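Working notes, structure below.
There are 2 protein chains.
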Amino acid sequence: VTDEPQLIMLPGPTNVPPRVMRAMSKPIINHRGPEFREMFRRVTGNLQYVFETKNDVITLTSSGTGGVECAISNILTKGEKIIIPVNGVFSGRVRDTINVYDGTPIEIPVEWGDAVTPEKIEEALKREKDVRAVTIVYNETATGVTTRCLKEVGEICEKYNALFIVDAISILGGDKLPVDEWKIDMCITGAQKSLMTPPGLAFVSVSPKAWSIIQKSKRRFYFDLPACRKFLADDETPYTPALPLIYALDEALQMIKEEGLEPRYRRHKVCADALYAGLEAMKLNLYAKKKVRSNVVIAVNNPSGITDKDIHKRMLEKYRISIAGGMGKLKNTMFRFGVMGMVNPANIVQTLNALECTLSDLGYKMDLGSGVSAARDVFTREKML
Amino acid sequence: VTDEPQLIMLPGPTNVPPRVMRAMSKPIINHRGPEFREMFRRVTGNLQYVFETKNDVITLTSSGTGGVECAISNILTKGEKIIIPVNGVFSGRVRDTINVYDGTPIEIPVEWGDAVTPEKIEEALKREKDVRAVTIVYNETATGVTTRCLKEVGEICEKYNALFIVDAISILGGDKLPVDEWKIDMCITGAQKSLMTPPGLAFVSVSPKAWSIIQKSKRRFYFDLPACRKFLADDETPYTPALPLIYALDEALQMIKEEGLEPRYRRHKVCADALYAGLEAMKLNLYAKKKVRSNVVIAVNNPSGITDKDIHKRMLEKYRISIAGGMGKLKNTMFRFGVMGMVNPANIVQTLNALECTLSDLGYKMDLGSGVSAARDVFTREKML
Numbered sequence: 289v290t291d292e293p294q295l296i297m298l299p300g301p302t303n304v305p306p307r308v309m310r311a312m313s314k315p316i317i318n319h320r321g322p323e324f325r326e327m328f329r330r331v332t333g334n335l336q337y338v339f340e341t342k343n344d345v346i347t348l349t350s351s352g353t354g355g356v357e358c359a360i361s362n363i364l365t366k367g368e369k370i371i372i373p374v375n376g377v378f379s380g381r382v383r384d385t386i387n388v389y390d391g392t393p394i395e396i397p398v399e400w401g402d403a404v405t406p407e408k409i410e411e412a413l414k415r416e417k418d419v420r421a422v423t424i425v426y427n428e429t430a431t432g433v434t435t436r437c438l439k440e441v442g443e444i445c446e447k448y449n450a451l452f453i454v455d456a457i458s459i460l461g462g463d464k465l466p467v468d469e470w471k472i473d474m475c476i477t478g479a480q481k482s483l484m485t486p487p488g489l490a491f492v493s494v495s496p497k498a499w500s501i502i503q504k505s506k507r508r509f510y511f512d513l514p515a516c517r518k519f520l521a522d523d524e525t526p527y528t529p530a531l532p533l534i535y536a537l538d539e540a541l542q543m544i545k546e547e548g549l550e551p552r553y554r555r556h557k558v559c560a561d562a563l564y565a566g567l568e569a570m571k572l573n574l575y576a577k578k579k580v581r582s583n584v585v586i587a588v589n590n591p592s593g594i595t596d597k598d599i600h601k602r603m604l605e606k607y608r609i610s611i612a613g614g615m616g617k618l619k620n621t622m623f624r625f626g627v628m629g630m631v632n633p634a635n636i637v638q639t640l641n642a643l644e645c646t647l648s649d650l651g652y653k654m655d656l657g658s659g660v661s662a663a664r665d666v667f668t669r670e671k672m673l
Numbered sequence: 289v290t291d292e293p294q295l296i297m298l299p300g301p302t303n304v305p306p307r308v309m310r311a312m313s314k315p316i317i318n319h320r321g322p323e324f325r326e327m328f329r330r331v332t333g334n335l336q337y338v339f340e341t342k343n344d345v346i347t348l349t350s351s352g353t354g355g356v357e358c359a360i361s362n363i364l365t366k367g368e369k370i371i372i373p374v375n376g377v378f379s380g381r382v383r384d385t386i387n388v389y390d391g392t393p394i395e396i397p398v399e400w401g402d403a404v405t406p407e408k409i410e411e412a413l414k415r416e417k418d419v420r421a422v423t424i425v426y427n428e429t430a431t432g433v434t435t436r437c438l439k440e441v442g443e444i445c446e447k448y449n450a451l452f453i454v455d456a457i458s459i460l461g462g463d464k465l466p467v468d469e470w471k472i473d474m475c476i477t478g479a480q481k482s483l484m485t486p487p488g489l490a491f492v493s494v495s496p497k498a499w500s501i502i503q504k505s506k507r508r509f510y511f512d513l514p515a516c517r518k519f520l521a522d523d524e525t526p527y528t529p530a531l532p533l534i535y536a537l538d539e540a541l542q543m544i545k546e547e548g549l550e551p552r553y554r555r556h557k558v559c560a561d562a563l564y565a566g567l568e569a570m571k572l573n574l575y576a577k578k579k580v581r582s583n584v585v586i587a588v589n590n591p592s593g594i595t596d597k598d599i600h601k602r603m604l605e606k607y608r609i610s611i612a613g614g615m616g617k618l619k620n621t622m623f624r625f626g627v628m629g630m631v632n633p634a635n636i637v638q639t640l641n642a643l644e645c646t647l648s649d650l651g652y653k654m655d656l657g658s659g660v661s662a663a664r665d666v667f668t669r670e671k672m673l
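This is the structure:
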């Protein structure tokens, strides 16, 4: 691995600010000592700030998938029903996790590229009765779709006395997500997406209502939430945490507080808007339906006759920009961008320019400069250039 | 957390060499890209070198406890018997993990401070019949005891057709452990102990015999070994790995190869011998029986009238040296040292000197200098000073 940095436009991991990178080189300390506890108390408090919650926020050393498994496995008792709308690979993974833990997933099939409606959720709750939880993947990373009705679903869950679980892995920190206001009982995210921290940490917020269910369910080991809660009371973790990543997270959360949540969400939105405008000006075909398009992950169908493999190989080798391909049934059909964390207008312009040159080299017909120009118009209008 | 480094004499995490710390600041890259794959292939190969195995070695983003849960949960089918000698907190944790996954732990109680014998293992295998596996905690971190009969137990397991699982979390990389020669089917370790990498990674080696059992058992998600194996074939991990820690590990493993396993084990042994000699010269009482004393973790009973809390507070505040206390039923009865990773004679002398001053300040009667002097004699005899 060379020291020449890339521009990471992946849907995670994402670019990490130099301040955050430098924080990882702080000396090793005892994770059962006073210095750790002081830092971990601040980290947990700042996570609550970003989650907009008074609930406990648990830090796990694992990928985001581990965080989802933690949430599901801690509330499930054999046979219990959990509603899960599936509109992509990651919501499919939540369904599979429910199965693995002997739950009964009530799948609401949703067209990929679209999002579930509150009506469909209520319909399922009414029909199924005794549903333990409703789980929604807020941002389906595989398709670039954000499910925008969480507030409504939270109300519905309360009405039917179901827990509301939100997988917010690729989005938390990049788009609005007030956990308490939206009545979310468990909210899961990962470090390496919109929180601009290197990968290796996951987080789960747990409401009092969720704790009361968790107490009754079967405990496992590494993802045992009651054990996490017990140690959290002393600002510790039950098992040795990934210390350098906690240092990094501490710094990233302080940067997020300095920026403020609203300006941060606006920056993500304007960057995404500009990238969408650029892609459309280049006559590229976006995968997600317009009304559910994500501000943090953008999926583009391959232009006819050009493979995403060729596109991302050239983007990486010639321009040092990392982008992703499709997942699951969308493999070999699309390429995807992350618009996350420290993303700024210069990154978007740089990406669009490289994409224009790349596609043009690969024989795609378009007006060179049209993408960059459309993006610049958005930034100018929004006074961000 | 200040930038002033401590001398970490904990039984993990341990001191991390500056080369390894610096490696963490390499730029973020795509964990599905060519640069990652090239590095991860080298890392896996070097792990096989340290494990002395041709078996697959799986890298997990988790603490060591996650690694143990991974191994146990992947081989267990409900009700199956696993033999586990329990001589401390960590072997107790293995027994609990077997219970959590609906296995039947066949516990062999062993006096804390001592180790199981091969005869006891064979007796249990003969009595119980149909035992799925024998699990041994090679180095019981809570008591400073190393179980030295793994080679014999490996032979016995083969004879009775039981899998042989070794929890080597605090020891692998610091003491002899030829996985293939000792017929170990699954060997688990963590990054933050004798491998001198920051915490956050665990490793599990898996033999062909273990794979054949794993195929038949119930799969979970985050710790799903068949998924890990599938991705390992492409030098990847199923979920986003803790990239900076993989960078660090890559560097640490290269340092281990440069030193060589035999010189490395000898360095650990001589440092431990010197520390033992110093502690005995100070008339302190060691917890572990002499014949099973560990070269990587050393447990000392509190001198009468002095608490370990006072000792480690003073060691940390006055000398910037981190040491640990007791665990489980040994809490408030002892203090423990790690002799791990990059440990060298200067660390041992510095630690003994600080301990002499600390104990003397706390009213313990001894000849000041006796500990350091005894340690120096060991290093001189071994030509390491």
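Chains as they are written, first to last, in this note's numbering: chain A, 289 to 673; chain B, 289 to 673. Backbone N, C-alpha and C fix where the C-beta goes; we use that ideal spot for every residue, glycine too. The model shown is predicted, which means the values in this text are computed figures rather than measured ones.
The DSSP-derived three-state label of A/V425 is strand. Three or more Cβ pairs drawn from the stretch 419-432 of chain B and the stretch 370-390 of chain B lie within less than 8 Å of each other, which places the two stretches in contact. Rounded to whole angstroms, the gap between the alpha carbons of A/G488 and B/M312 is 13 Å. In this structure, A/R602 and A/T639 do not form a Cβ contact; the two beta carbons are roughly 13 Å apart against a cut-off of 8 Å. For A/T353, the enclosing alpha helix (DSSP H) starts and ends at 352-363. Annotation: the continuous beta strand (DSSP E) that includes B/G626 extends over 622-626. For B/F328, the enclosing alpha helix (DSSP H) starts and ends at 322-339.
Taking 7 Å as the cut-off, the Cβ atoms of A/A560 and A/N583 count as close. Taking every protein chain shown into account, the CB of A/P551 has fewer than 16 other CB atoms within 10 angstroms, so this residue is exposed.
DSSP places B/F491 in the strand class (E or B) of the three-state scheme. For B/T477, the enclosing beta strand (DSSP E) begins and ends at 474-478.
Excluding the 5 residues flanking it on each side, A/I444 has same chain C-beta neighbours closer than 7 Å at P406, I409, E410, L413, in chain order.
Per DSSP, B/F452 is one residue of the beta strand (DSSP E) stretching across 451-455. Secondary-structure assignment with DSSP links A/I346 through a beta bridge to A/V492.
If you look at A/A521, you'll find it isn't in any alpha helix (DSSP H); DSSP assigns it neither H nor E. At least one CB atom of chain A sits nearer than 7 Å to the CB of B/S350. A straight line joining the alpha-carbon of B/F328 with that of B/G626 spans about 29 Å.
If you look at A/T392, you'll find it in the beta strand (DSSP E) that goes 392-397. Under DSSP, A/R581 takes part in a beta bridge, and its partners are A/V433. Using a CB distance cut-off of 7 Å, A/K606 does not count as an interface residue toward chain B.
Under the three-state reduction of DSSP output, A/S505 falls in the coil class, being neither helix nor strand. In the DSSP annotation of this structure, the continuous segment of the beta strand (DSSP E) that includes A/I371 starts and ends at 369-374. Taking a cut-off of 8 Å on C-beta distances, the stretch 344-353 of chain B touches the stretch 506-517 of chain B, as three or more cross pairs fall below it.
Under DSSP, B/D463 shares a beta bridge with B/L460. At least one CB of chain A lies nearer than 7 Å to the CB of B/N318. Apart from the 5 residues on each side of it in sequence, B/I296 sits with its Cβ closer than 6 Å to the Cβ of T302, N303, S610 in its chain, given in chain order. Around the beta carbon of A/G548, fewer than 16 other beta carbons lie within 10 angstroms, which makes this residue exposed. A straight-line Cα-Cα distance of about 16 Å links B/V467 and B/G355. Shown here, B/I296 sits in a strand according to DSSP, grouped into three states.
Listed as beta-bridge partners of B/I609 by DSSP are B/L295.
Cβ atoms of B/D522 and B/R325 come within 8 Å of each other, at about 7 Å. Residue-level contact by beta carbon fails for A/L483 and chain B, as no gap is shorter than 7 Å. The three-state secondary structure of A/I544, taken from DSSP, is helix. For the C-beta of B/Y510, the chain A residues within less than 7 Å are, from N- to C-terminus, S350, T353, G354, E357. Between B/V304 and chain A, the shortest Cβ-Cβ separation is below 7 Å. Judged by their CB atoms, B/M672 and B/P633 are nearer to each other than the 7 Å cut-off.
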